[in-house]
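Throughout the sequence shown, residue numbering follows the working numbering, covering 17 to 236 in sequence.
Just so it is clear, CB atoms sit at the ideal spot from N, CA and C, and this is done for glycine as well.
Below is one structure, written out as structure tokens, with a few remarks after it.
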Amino acid sequence: MSYTIYYYDTVIIDYQKACDFGRGQTLLSAFLLDRIMSYEEPVRRGTPKGDKIGFPRSKYAAALFVGVTGLNQRQIAERLGLSHRLLLKWHTESDYRDALQRHCRDFVEALVGHLASGLPERYIAESYVRLTDDAEFYGEGVFDGLNAQWERLYPRTLADAGRFIRFLAYLMPVKHGPARMFFADAARALTNYLKTPGLVSDSIAGMLRGALLGLVVQAL
17 MSYTIYYYDT VIIDYQKACD FGRGQTLLSA FLLDRIMSYE EPVRRGTPKG DKIGFPRSKY
77 AAALFVGVTG LNQRQIAERL GLSHRLLLKW HTESDYRDAL QRHCRDFVEA LVGHLASGLP
137 ERYIAESYVR LTDDAEFYGE GVFDGLNAQW ERLYPRTLAD AGRFIRFLAY LMPVKHGPAR
197 MFFADAARAL TNYLKTPGLV SDSIAGMLRG ALLGLVVQAL
């Protein structure tokens, strides 16, 4: 299946390439590509002149990238083959800003669903690395959303703890405030959980405590 969209036979936008962050198939890349390719562009025919008809695919994609990723406007414009000035113009429009906020909320919901899914422990490494190892590209709004839903994410099993420690490892390059706040809250919760008496395997809990301590030391 081709994900290349042609506009007026002159501008070519390869959305598969635009959504690739060099980590293979991940939750972020799949979310972006699926949304863009499943979007049905509105048509003007039959709509009274002056009435809004919705976004063209390029504008929809721009709102998606701005809402979900941590890329700046120039980086997004380059990925999508658009002008930086055009993105800045769109950002002044209320319906565009509303759209990017909806995309952010939807991605947070998908991410929370993954992090709190309670996958069997033997699947943690494979599924985690494939799905969330591009977390450094998540936008600030994503971490604001995660911080607001922390109760759903609190670890309840060693599998949860292992998944979270791996997730925190991929947040190390992220320096903005919301990500650092999430890192601190998650590390505190994990530390408390791993001190719980009677965990199924003291050796596994000890290994996870060591991995978590290493991350915390690196983050200082």
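Note that the segment 106-120 does not touch the segment 35-43; fewer than 3 beta-carbon pairs, one per stretch, sit closer than 8 Å. A contact between stretches requires three or more CB pairs, one per stretch, nearer than 8 Å, and the segment 176-195 meets this requirement with the segment 152-159. Between Val82 and Leu116, the C-beta spacing is below 7 Å. Ala227 and Ala175 have their alpha carbons spaced roughly 14 Å apart.
In this model, Arg182 and Gly214 are separated by some 23 Å (Cα to Cα). Excluding the 5 residues flanking it on each side, Asp160 has same chain C-beta neighbours closer than 7 Å at Pro194, in chain order. In this model, Phe37 and Asp150 are separated by some 7 Å (Cα to Cα). For Arg118, same chain residues with a beta-carbon under 8 Å away, outside a window of 5 residues either side, are Gly83 in chain order. A Cβ-Cβ distance of about 5 Å is found for the pair Leu187 and Phe199, placing them in contact under the 8 Å criterion.
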